[in-house]
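S.K.: In our numbering, the protein residues as written are 40 to 529.
We put the beta carbon where it would ideally sit given N, CA and C, even for glycine.
Got a structure for you, questions after.
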């Protein structure tokens, strides 16, 4: 059930040292700012040297006095993929992003709580590229609470047991549900929500108070200003809060607004079975593509215990947690697009019954055995009301998942590709530091050949990637297209 490790080629690099002074503008340029209520966008230039040096490690600190939250806009990032990195941190040093490779279209970072955000460039001993440039900051000011954006994670910290921090989010009419998640490392933080005024530990509309972080779904929230309080029940440290409001007929016909949802799984370091090498890179690359190119609204990334290897991190990829996230995709309505993308070990009978090995495969947690079977996956996919469903599976034996998907009532909405047949293998590719099929489909196809075009059809990408793929027979990637009359786009 291994996804095998192969070395496809040797890579020769030249090593040299260069000393440069980082280039940055410490104050905003004198250009027009755009103000939207308490939210302001203004020009603010920070950039690396072009090209940057080897063995370089520098952090730029950007502060806007009086801001309650702040984020930055990159016009471009171009660093050596998987060797050089651009990190974004909040004021407390908690990681918001870990970016590598080329982002030619630019991107906005997540918000940092407070008035400060930090950007770090760290490079290795060989190969230099263009670097990065920031041209704008966006920040909010005023009010006693901090402002949340629907579905956008924010990071902050609490300093001691009993400490609190309150956020607000605007909820419009026709809201179906409010879904709030809080992660806080080894601390024990609780979450409270109230419409119209700040909650307390005794007055609230909903709360989450289990050990560790929290996950709370509150159905039919009223319209208006919601106050979300994070409180330390025990301990201190950084936390990440995400509040997602679903509007219209989630699970129904649609509300006229297209939203994009994704669950991404990448497991390199397993709890009980043998490890893999590049599944966390697979998850990272898919997240960056969906977030920064396709502008997906809601993304959950589940992985192994090395949380810093992922650009964002929702939960450990146990079978239970993955199933909970597949249920979450059921909140998408008929206008929406959902994606389930997964990379790791897989196994099966080789004659059609296949399963995906989650992080707890071989040991099991929370009443599950750690293996997500084809007959379980199809129950979730069959319940999704989304107008378009994309499934990408880079696991051994994964072609055995397709027959169950083909038989679903909503199969015409599905585009699915797997790394192999029902008795084949996927491979770790040490040259490109990805799963082989992930590399050829995403990097070689969607990004490099099709130029990250948002109109690229998955059928065209599959054909192009398959023609170059170095494995055949049972290891040949498979495709299921539920509607061959229309090209499928992400």
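Using 10 angstroms around the beta-carbon of residue 238, count the other beta-carbons present and answer buried if the total reaches 16, otherwise exposed.
M.R.: Buried: at least 16 other Cβ atoms inside 10 Å.
S.K.: Take residue 261 as the anchor and find which of 214, 410, 171, 255 has the nearest alpha-carbon.
M.R.: For the residues 214, 410, 171, 255, the minimum Cα distance to residue 261 belongs to 214.
S.K.: Go through its chain and collect everything with a Cβ distance to residue 103's Cβ below 6 Å, but skip five positions before and after it.
M.R.: If we look at residue 103 and ignore the five residues flanking it on each side, its Cβ neighbours are 109, 154, 178.
S.K.: So what does DSSP say about residue 277, is it helix, strand or coil?
M.R.: The answer is strand: DSSP assigns residue 277 an E or B state.
S.K.: Please identify the residue among 96, 475, 300 whose C-alpha is closest to the C-alpha of residue 372.
M.R.: Nearest of 96, 475, 300 to residue 372, Cα basis: 300.
S.K.: May I ask you to report which of helix, strand or coil DSSP gives residue 338?
M.R.: Residue 338: strand per DSSP, three-state reduction.
S.K.: On a Cα-Cα basis, can you pick out the residue from 394, 392, 368, 93 that is closest to residue 302?
M.R.: Nearest option by C-alpha distance: 368.
S.K.: Check residue 525 in the structure and name its three-state DSSP category.
M.R.: Here residue 525 sits in coil by DSSP.
S.K.: With H, G and I counted as helix, E and B as strand and the rest as coil, what does DSSP make of residue 497?
M.R.: Residue 497 falls in the helix class under three-state DSSP.
S.K.: Using 8 Å as the threshold, is the C-beta distance between residue 382 and residue 318 below it?
M.R.: Cβ distance < 8 Å, so residue 382 and residue 318 count as in contact.
S.K.: Which residues bound the alpha helix (DSSP H) around residue 452?
M.R.: Residue 452 -> no alpha helix (DSSP H), and no H or E assigned at all.
S.K.: Out of curiosity, what's the CA-to-CA distance linking residue 264 and residue 395?
M.R.: Those two C-alpha atoms are separated by around 42 Å.
S.K.: Evaluate the contact criterion for the region 456-468 versus the region 486-494: three or more CB pairs, one atom per stretch, below 8 Å.
M.R.: Contact between the region 456-468 and the region 486-494 is absent, because fewer than three Cβ pairs lie under 8 Å.
S.K.: Can you tell me the Cα-Cα spacing of residue 130 and residue 157, whole angstroms?
M.R.: C-alpha separation (whole angstroms): 7 Å.
S.K.: Check whether the region 231-247 touches the region 114-128, taking contact to mean three or more Cβ pairs, one atom from each stretch, closer than 8 Å.
M.R.: Contact between the region 231-247 and the region 114-128 is absent, because fewer than three Cβ pairs lie under 8 Å.
S.K.: Using DSSP's beta-bridge definition, name the partner residues of residue 396.
M.R.: Beta-bridge pairing links residue 396 to 410.
S.K.: Quick check on residue 81: does DSSP put it in helix, strand or coil?
M.R.: In this structure, residue 81 counts as strand in the three-state DSSP scheme.
S.K.: Going along the chain, which residues of its own chain have a beta-carbon closer than 6 Å to the beta-carbon of residue 430, five neighbours each way excluded?
M.R.: For residue 430, where only same-chain residues beyond five positions count, the Cβ hits under 6 Å are 379, 455.
S.K.: Distance, Cα to Cα, residue 363 vs residue 254?
M.R.: The straight-line gap from Cα to Cα measures roughly 11 Å.
S.K.: Helix, strand or coil: how does DSSP classify residue 403 here?
M.R.: Residue state, collapsed to three classes: coil.
S.K.: Contact check, residue 309 vs residue 366 under 8 Å by CB: the rounded distance?
M.R.: In fact, because the Cβ distance is near 23 Å, the residues do not count as touching under 8 Å.
S.K.: Distance cutoff 8 Å, beta carbons only. Does residue 457 sit that close to anything in chain D?
M.R.: Structure shown: chain D not included; a single protein chain is present.
S.K.: Whose C-beta lies closer than 8 Å to the C-beta of residue 327 among residues of the same chain, with five residues either side of it excluded?
M.R.: If we look at residue 327 and ignore the five residues flanking it on each side, its Cβ neighbours are 138, 140, 142, 350.
S.K.: Can you find the residues in the same chain that come closer than 8 Å, C-beta to C-beta, to residue 201, ignoring five residues on each side of it along the sequence?
M.R.: So the list reads 270, 271, once near-sequence residues are dropped.
S.K.: Verify whether the separation of the beta carbon atoms of residue 433 and residue 343 is less than 8 Å.
M.R.: No.
S.K.: Helix, strand or coil: how does DSSP classify residue 157 here?
M.R.: Residue 157: strand per DSSP, three-state reduction.
S.K.: Report yes if the CB atom of residue 282 is closer than 8 Å to the CB atom of residue 196, and no otherwise.
M.R.: Not a contact, by the Cβ cut-off of 8 Å.
S.K.: Starting from residue 233, trace the beta strand (DSSP E) in both directions and tell me its first and last residue.
M.R.: Per DSSP, residue 233 belongs to the beta strand (DSSP E) from 227-234.
S.K.: What would DSSP say about residue 354, mapped onto helix, strand or coil?
M.R.: Here residue 354 sits in strand by DSSP.
S.K.: Is the beta carbon of residue 361 closer than 8 Å to that of residue 329?
M.R.: The answer is no: Cβ separation not under 8 Å.
S.K.: Nearest CA to the CA of residue 427: which residue from 447, 515, 416, 451?
M.R.: Minimum Cα distance to residue 427 is reached at 451.
S.K.: From what residue to what residue does the alpha helix (DSSP H) around residue 430 run?
M.R.: First-last for residue 430: 427-433, but that is the beta strand (DSSP E), not the alpha helix (DSSP H).
S.K.: For residue 457, list the residues DSSP reports as bridge partners.
M.R.: The partner list for residue 457 (beta bridge, DSSP) reads 432, 517.
S.K.: With a Cβ-Cβ cutoff of 8 Å, do residue 160 and residue 111 count as a contact?
M.R.: No, Cβ-Cβ distance for residue 160 and residue 111 is not below 8 Å.
S.K.: Excluding five sequence neighbours on each side, which residues of the same chain lie with their C-beta closer than 7 Å to the C-beta of residue 442?
M.R.: For residue 442, where only same-chain residues beyond five positions count, the Cβ hits under 7 Å are 391.
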